[in-house]
Structure formats: structure tokens, C-alpha cells
Amino acid sequence: MKNDFTVLIISSVWWSAITRAALEFLESGVRVHAICPPGHSLRCIRGLDSLRGYPCVAAISTLSTIITEIRPDLIVPADDRVVGALHQVHDAADPTTQAGRACRAIIETSLGQPDCFAYARTRLRLIDALRARGIPTPAAASMATVEDVRQWCATTPGPWVLKRDRSWGGSGVVIADTVREAESSFRRLSQPVRMACALRVLLADRDIYSFMEATARQSMPVIAQAHISGMPANIMVACWKGEVIGTLGVDVVSYQGRTGAATVVEITRSADMERAARVTCAALNLSGFFGLDFVRCARTGTYHFIEMNPRLTQIGHLCHGGTTLIRRLLQHVQGSALATRPHPGQEVGERSVIALFPQILRADAASLHNAGAWIDIPWRYPELVEELLRRPWPRRGSVARLEERLRPNMPYGKSVDRGEALGKLSTLLQGGMMTDSSPMAALRTSHI
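Note that our numbering gives residue 112 to position 112 of the sequence shown, counting from 1, and the numbers run on in steps of one.
Rendered as C-alpha cells:
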């Protein structure tokens, strides 16, 4: 049965992790409204109180109107573009009016205090703040010119990591192996996106939001980080008014490319990551959800902080210790126990090594070395499973299909049709990965 607690989920990209999170909110009995692009997997789940399209123009005023109308208890942004938009909505809201005060209060309740919003946008500022508090971080510096890059490379052992501020999802990040590559990468990252690239995003990916940003021709600061030899790791945090409510840490077993998202993770407990989470949460007085990315040093085992994701991340729906971070936060905020249900992870015994679905479908099977992973397929929702077995909506157009035929190496792997996806799942299962067998058998015989 639903209660009066209301959540507003906002997404401007097609990541399916937020859909898994929405299901957790719905199954917790709260009211859920959603804003998302056309073709998003959120559109195939039932039980939402409302569903609206993410605006491609006048986003700030539109989001302000929707927030004022719904008056949610919690806003959950799915991506960094939305976080930035919410910061702008807060800044634009008139504190002398009742509606403006309410809008600002909802955003502050959901994200944290406005004097710390800048830390979510500027990588180097947070790195410096955490280093000052004793959190291990790789050396980092702002790069203003090519000469800065040359001097950095001359004094810092390679390879070198270059990052553009306000980039996310693995884009805007380059690992350069040579000085020439570092110089070239800096020139590309520090300049506005070329119109040819913007048109490719619009025509191939059907991403009007990224296209509109690219046409603004805005330059962003670039930082350089020392490269830490090791494997990625991250922690997701549920928090409220600067207090950590719960954490979930994972070591990344496999990931897409050199800078892409994780495909296989192993749940872990790390004192390094948990301390960094507590320090970040308290220093920035955060609320809602955020994630911290790390590299676990191959030589020492120390977790080095890399950057923050000021939003819910792709592990937010995972069950560990009998619950999820979403449920922990809801229980804390509402002050009462939530209705419980068997979680798919509990029904088969709690899993620690998890292949994320559908991300695993785009991974190179030859690169996956952990045969014992549990493939995290949401079998309870067959319509969602069918949607996630298809190509992502941005890659279903004819231009995207042509591009994938002509480009031998797509940055994060080629998308696959349903038949190819089932074939890949079968290969992974034959290689030792696991999932529920009866729904898998039904999928093989289905002609949906």
C-alpha cells in the first residue's frame, strides 16, 4: 500500500540503473513521479504516479514548475546534467515567494546545502578538500595551456589522466600514454565540442540534450591526475543532512574500455572508502545519494579517491545485508520500518560477485574472467527484461546501426539486438556465470 511520501526521479539520459532504483522505491510503497527522455526504460514500468518528458529547451523553468506542482519529499537525479539543472533551479528560485522558498527547500533536502554545490561541478576543488583531510588521492593539477601539460608530463610519471570538468559517464576522460597524446587530448578536451561531433550525437544517438549543450560552444576547465596502477572501485552512499545512513562498496572486476562503466563488481568493505564517504558527506553536508570513485593501488591495496558522482549510481538497487541503500534511506527519513519482500538476491543466497545487467551485454566476453558472477537480471519484471534485451533506445535508429557497421571499434562496445543478447547470455552462462534458470529458458523460447 502506498504512503504519502513522494519521490521525483529525473533523468536526462537513457541509463537503466535509475529504472531499477524506481522499482525499489515503488516496492517500498512510496509514490513515484518520473521525468525522462523518450524511449527510456522507465516508460515500461507500471505504478508511476506521473511520467513526463525531460525538456530539451527551457529546462530550468520547466523543472521548477514541475517541482512546485508535485512538491516531492525527495528528488533523485539520475545523472550529472540533472544535478547541474537542479542547482540552477535552486539559484533561480525567488526566496521572497512561497513557491520559490518551497522549491529551494526541496532541492536542499534532496541534495544538500547550496554553498557546497560547486564541489559537484569542479573536480579539483573536491580532490584538494579531501586531500587536506587525509584522504589518499593521486596528484592533480589544473591545466590551462599545452605548456602546462608538457610540464606536468615532465614531472609526473606516465601514463597521465586528463579530465574535463562537468563531464560524466566516462566521457571527457582520457588516459594518455605519450606526451603527444596528452597534448592532443588536452586540445580536444579544453575546446568546445566540434560541430561535427555534435551532429553525430544528434543523428546517431538521437541525443538532443547533448546536442543542445554542444551547440552552446562552452569551454570547460581540464585537470590532470597522476595515474594509479590498479583496478577501479567505488562506493555508493545514502545520507541525510551530512550523516551517512548506509554505504555499499564494490571492487570493479571488469569494465568497458579504459574509462567506461563497470560490468562486473564484487561487493566489499573498505575502511578507506567508508572514511572518504563520511568525510565527504559531513564536509559538504550532503543529502540523498552520491558515489565516490577510487582506484585500488595494485602495489599497496590502498584506495585512492578519484572523483565524486553527485547522484545515485548504478549499484543503488543492489541488495546486501538484506536490504538496499534506497530502503535504508527511506526508513531513516520516514522513521518507521518499510514493508519487506524477498529480494531476488536473497532468494538464491546473497551474492557478492555481480554482473550488472544490461551492461554485461556490451562487454567483450573474452575479457570476462570471473565465471562465478551472478547476472543481475530483474526477472520479476518481464516487460523490463524484454526492453533491456533490446538495443538502447538511442542506438535503435538507422544512422546508429550504420555507424556500428562502419566503425570497427566502438568506444564502449557495440549494442546488440535481442537475438544477439540472448546468445551472449547463453555464452556467459556456459562460461560459469549464473542467473535464474527457468526465466532464462522461457526467454529462449519466447518470440516477443
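Here a beta-carbon is modelled for each residue, glycine too, at the ideal position from N, C-alpha and C.
_Would you say the beta carbon of residue 431 is closer than 6 Å to some non-hydrogen atom of the ligand MN?_
The ligand content of the structure shown is nil, which means the ligand MN is not present either.
*The alpha helix (DSSP H) with residue 281 in it runs from where to where?*
Segment 271 to 284, the alpha helix (DSSP H) holding residue 281.
*asked:* Please state the DSSP three-state secondary structure of residue 10.
replied: Strand.
*Under a three-way DSSP split, which group does residue 33 fall into?*
Of the three classes helix, strand and coil, the one that applies to residue 33 here is strand, per DSSP.
*Evaluate residue 95 with the Cβ neighbour count: other Cβ atoms within 10 Å of its Cβ, from every protein chain shown; 16 or more gives buried, anything less gives exposed.*
Exposed, by the Cβ-count rule.
_What does the Cβ neighbour count give for residue 163, buried or exposed, with the cut at 16 atoms within 10 Å?_
By the neighbour-count rule (16 or more Cβ atoms within 10 Å), residue 163 is buried.
*Under the three-state DSSP convention, the category residue 73 falls into*: Residue 73: coil per DSSP, three-state reduction.
_Beta-carbon contacts of residue 25 that lie in its chain and below 7 Å, excluding the five residues immediately before and after_ = Correct list, in chain order: 7, 32 and 326.
*So, are the CB atoms of residue 362 and residue 390 less than 7 Å apart?*
Residue 362 is not a Cβ neighbour of residue 390, given a cutoff of 7 Å.
_Three-state secondary structure (DSSP) of residue 414_ = Residue 414: coil per DSSP, three-state reduction.
_Span of the alpha helix (DSSP H) around residue 87_ = Where residue 87 is concerned, the enclosing alpha helix (DSSP H) stretches over 80 to 92.
*Taking the alpha-carbon positions, what's the residue 202 to residue 427 distance?*
So the alpha carbons of these two residues sit roughly 34 Å apart.
*asked:* Closer than 8 Å is the cut-off here; do at least three beta carbon pairs connect the region 106 to 120 with the region 280 to 291?
replied: The region 280 to 291 and the region 106 to 120 touch, with three or more beta-carbon pairs separated by less than 8 Å.
*Should residue 154 and residue 230 be called a contact, given that it needs their Cβ atoms to be closer than 7 Å?*
For residue 154 and residue 230, no; Cβs fall outside 7 Å.
*Can you give me the Cβ contacts of residue 342 inside the same chain, cut-off strictly under 8 Å, excluding the 5 residues immediately before and after it?*
With a pLDDT of 48 at residue 342, under the threshold of 50, the predicted position of this residue should be treated as unreliable, though the coordinate-derived value follows. There are no such residues.
*asked:* Check this for me: beta carbons of residue 354 and residue 374, under 7 Å apart or not?
replied: Contact: yes.
*When the Cα atoms are used, what is the spatial distance from residue 88 to residue 60?*
If you take the alpha carbons of residue 88 and residue 60, they lie about 7 Å apart.
*In whole angstroms, what separates the C-alpha of residue 306 from that of residue 292?*
Spanning the two alpha carbons is a distance of roughly 8 Å.
_My assumption, with CB atoms under 8 Å, is that residue 268 sits in contact with residue 254. Please give the rounded CB distance._
That belief does not hold up - the Cβ atoms of residue 268 and residue 254 are roughly 15 Å apart, past 8 Å.
*When burial is assigned at 16 or more other CB atoms within 10 Å of the CB, is residue 199 buried or exposed?*
By the 10 Å Cβ count, residue 199 comes out exposed.
*To which residues of the same chain is residue 278 closer than 6 Å at the C-beta, ignoring the five residues directly before and after it?*
For residue 278, the CB contacts under 6 Å within the same chain, skipping 5 residues up- and downstream, are 244 in chain order.
*Does the beta-carbon of residue 359 have 16 or more other beta-carbons within 10 angstroms, so that it is buried, or is it exposed?*
Of the other Cβ atoms in all chains shown, 16 or more fall within 10 Å of the Cβ of residue 359; this residue is therefore buried.
*State the Cα-Cα distance for the pair residue 41 and residue 21, rounded to the nearest angstrom.*
C-alpha separation (whole angstroms): 12 Å.
*What are the start and end residues of the beta strand (DSSP E) that includes residue 54?*
Unbroken run through residue 54: none, as it is neither H nor E.
*Please list the segments of the beta strand (DSSP E) lying wholly inside the region 135 to 214, counting only runs of 3 or more residues, in order along the chain.*
Residue ranges of uninterrupted beta strand (DSSP E) with 3 or more members, entirely inside the region 135 to 214 and ordered along the chain, are 140 to 143, 160 to 164 and 173 to 176.
_Where residue 393 falls: helix, strand or coil (DSSP)_ = Collapsing the DSSP output to three states places residue 393 in a helix.
*How many angstroms separate the CA atom of residue 225 from the CA atom of residue 161?*
In this model, residue 225 and residue 161 are separated by some 5 Å (Cα to Cα).
*Can you grab the Cα-Cα spacing for the pair residue 217 / residue 177, in whole Å?*
One C-alpha to the other measures close to 28 Å.
*Output yes or no for whether 7 Å exceeds the beta carbon distance between residue 328 and residue 238.*
Cβ atoms of residue 328 and residue 238: closer than 7 Å.
*Leaving aside the five residues before and after residue 39 along the sequence, list all residues of the same chain whose C-beta is less than 6 Å from its C-beta, in chain order.*
Here the set comprises 393.
*For residue 233, the three-state DSSP class (helix, strand or coil)*: Strand at residue 233.
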